[in-house]
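K.L.:
Chains as they are written, first to last, in this note's numbering: chain A, 1243 to 1490; chain B, 3 to 256. Every residue gets a Cβ at the ideal spot worked out from N, C-alpha and C, and that includes glycine. Keep in mind it's a predicted model, so treat the numbers as computed, not measured.
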Ligand SMILES: Nc1ncnc2c1ncn2[C@@H]1O[C@H](COP(=O)(O)OP(=O)(O)OP(=O)(O)O)[C@@H](O)[C@H]1O
Ligand SMILES: [Mg+2]
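#1: Could one say the Cβ of residue 1358 of chain A lies closer than 8 Å to chain B's Cβ atoms, at least one of them?
#2: Name, in chain order, the residues that DSSP records as bridge partners for residue 214 of chain B.
#3: For residue 38 of chain B, verify whether its CB is less than 7 Å away from any heavy atom of ligand 1.
#4: Taking Cβ-Cβ distances shorter than 7 Å, what residues in chain A pair up with residue 104 of chain B?
#5: Would you list, in chain order, the members of the stretch 1255 to 1284 of chain A that have their beta-carbon closer than 7 Å to a beta-carbon of chain B?
#6: Is the CB-CB distance between residue 1433 of chain A and residue 1333 of chain A below 8 Å?
#7: With a cut-off of 8 Å, do at least 3 Cβ pairs link the stretch 1330 to 1344 of chain A to the stretch 1404 to 1424 of chain A?
#8: Just to confirm, is the Cβ distance from residue 45 of chain B to residue 213 of chain B under 8 Å?
#9: If you draw a straight line from the alpha carbon of residue 1393 of chain A to that of residue 1423 of chain A, how long is it in whole angstroms?
#10: Check the DSSP bridge columns for residue 1254 of chain A and list the partner residues they point to.
#11: Whose CA, out of A:1468, A:1279, A:1336, lies closest to the CA of residue 1292 of chain A?
#12: Residues with a Cβ closer than 6 Å to any heavy atom of ligand 2, in chain order?
#13: Using only alpha-carbon positions, find the residue among B:239, B:5, B:12, B:103 that is nearest to residue 1271 of chain A.
#14: Should residue 198 of chain B be listed as close to ligand 1, given that the test is whether its C-beta is under 7 Å from any heavy atom?
#15: What residue does the alpha helix (DSSP H) around residue 1460 of chain A start on, and which one ends it?
#16: Using only the alpha-carbon positions, how far apart do residue 1277 of chain A and residue 1376 of chain A sit?
#17: Is residue 50 of chain B close to chain A? Criterion is C-beta to C-beta, closer than 8 Å.
#18: Per DSSP, what are the beta-bridge partners of residue 61 of chain B in this structure?
#19: I'd like to know if the stretch 166 to 183 of chain B and the stretch 199 to 206 of chain B are in contact, where contact means that at least 3 CB-CB pairs between them fall below 8 Å.
#20: For residue 1449 of chain A and residue 1297 of chain A, which I take to be in contact (beta-carbon distance under 8 Å), what is that distance rounded to the nearest angstrom?
#21: Is it the case that the stretch 1452 to 1471 of chain A contacts the stretch 118 to 129 of chain B, given that we only count it when at least three CB pairs across the two stretches are under 8 Å?
#22: For residue 26 of chain B, report the span of its beta strand (DSSP E) as first-last.
#23: For a contact meaning CB atoms closer than 8 Å, what does residue 234 of chain B contact in chain A?
#24: Would you verify that the beta carbon of residue 1363 of chain A is, or is not, closer than 8 Å to some beta carbon of chain B?
#25: Quick one: any contact between the stretch 1379 to 1387 of chain A and the stretch 1278 to 1291 of chain A, if contact means 3 or more CB pairs under 8 Å?
Encoded structure:
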């Protein structure tokens, strides 16, 4: 168990070392990075938006229900939805979803290339395949995922607004007052720290799982599932550690 | 020229190659033949460095292949072309993009010069005009030819082919063999071909290495095959009774 972990961790670090070596041709890497940014960013927009809106809506309705009849003023709903979205739900839930969408996609793309000998073919040409296949994905993810997370936070707040203002649970002015209350810019910083770290984790783990896949289509499927499971666990673990370090 | 000195390869406890010493010569079609499981693919992977041998040395001209750093290895690899058994064409790219790929990464030519080079190699493998097709849209034999075109686009000094004829009809096999042979001769390339195909052995076997259970049991050229009297070679080449009769007739034996 431990030696297995040490083996994977060592090989993961080695792969990262190779991935961060100097690119052969910047132009080609750049083109590949743009393609990945489009894949990750534009390709995930709709799913992230839908989830964010519902996340905010559910949070608002639940808090409205819990605060009902208590002494806490109703404008607190706006405040709670905002902070919950920024600190926790936008970065964490978005990245868990992206691990499922983007991560499994990366693992099966790279794993398929391994199985079809595309990676060997590139190696023979003299390509540093670790860098060529992984670095553009890491860069694209670390640019696009924080943007998606910020978008998710905004949409969650809008979702919360729609969910409690339209049924007239609380007035629009109260929700907006809540949004403007007790705002701590540092929380936005925490959100971006989480987004960067989660993005790095989910891309590198998924690429690692794909890069070293063996066997056939069954193993490829397993690798892509493992990419998601391992990414999810490590995202949650990192979430906890960041919370301890940055707010403790 | 590539020289192997007592090359061994084990996977766990099983020794798959048991000390191979041989030479693959420049400007010749060097064949590695042998029954299924003999170790041909493993040998080829060692030669190109996709696997590392357990012991022994592999020399590319005067360079010890395994003493190279990653950087030096990549530099050497630019002089290496390989045709994979399954062609290994990038399926999301067109034929043209496949061949452009190494050019864009490793040369400083202008786009027009690169396209000229692509068209030249496509012509060389008789596929002019196939530029915009995707690998899935062309036949297996054409994919092999695209694979060859991509392997030679950077003018390699060493060319490796893993079973270039597998899955092809006899006629198309011959076309591929002739193509590999003429490219080898015209550019003085050290070509190493892994094959089961008897026609290839007899047509293009300039230097034939027969592997049997991981041991090199015979070495010679195509004109020596018929008269060698090597037991392993006879078992391999004249496996069918029909071929045995043919050979005996040719040698005037009964
Ligand atoms: N990665 C590996 N791990 C363990 N054993 C392997 C590995 N690759 C090959 N072998 C073993 O090495 C032996 C030689 O295999 P190899 O693929 O070189 O045969 P071959 O001569 O190419 O056969 P074929 O003509 O069927 O392609 C086989 O017994 C095979 O099981
Ligand atoms: Mg083989």
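P.N.:
By the coordinates alone:
#1: yes
#2: DSSP output for residue 214 of chain B lists B:217 as bridge partner(s).
#3: yes
#4: 1367
#5: 1266, 1267, 1270
#6: yes
#7: no
#8: yes
#9: 21 Å
#10: Answer is none; residue 1254 of chain A lacks a bridge partner.
#11: A:1336
#12: Near ligand 2, meaning a Cβ closer than 6 Å to any of its heavy atoms, lie the following residues in chain order: B:42, B:43.
#13: B:103
#14: yes
#15: Note, residue 1460 of chain A: alpha helix (DSSP H), 1459 to 1489.
#16: 13 Å
#17: yes
#18: B:5, B:66
#19: yes
#20: The Cβ separation is near 28 Å, so there is no contact.
#21: no
#22: 16 to 26
#23: By Cβ distance, chain A contributes nothing, its closest Cβ being about 30 Å from residue 234 of chain B, past 8 Å.
#24: yes
#25: yes
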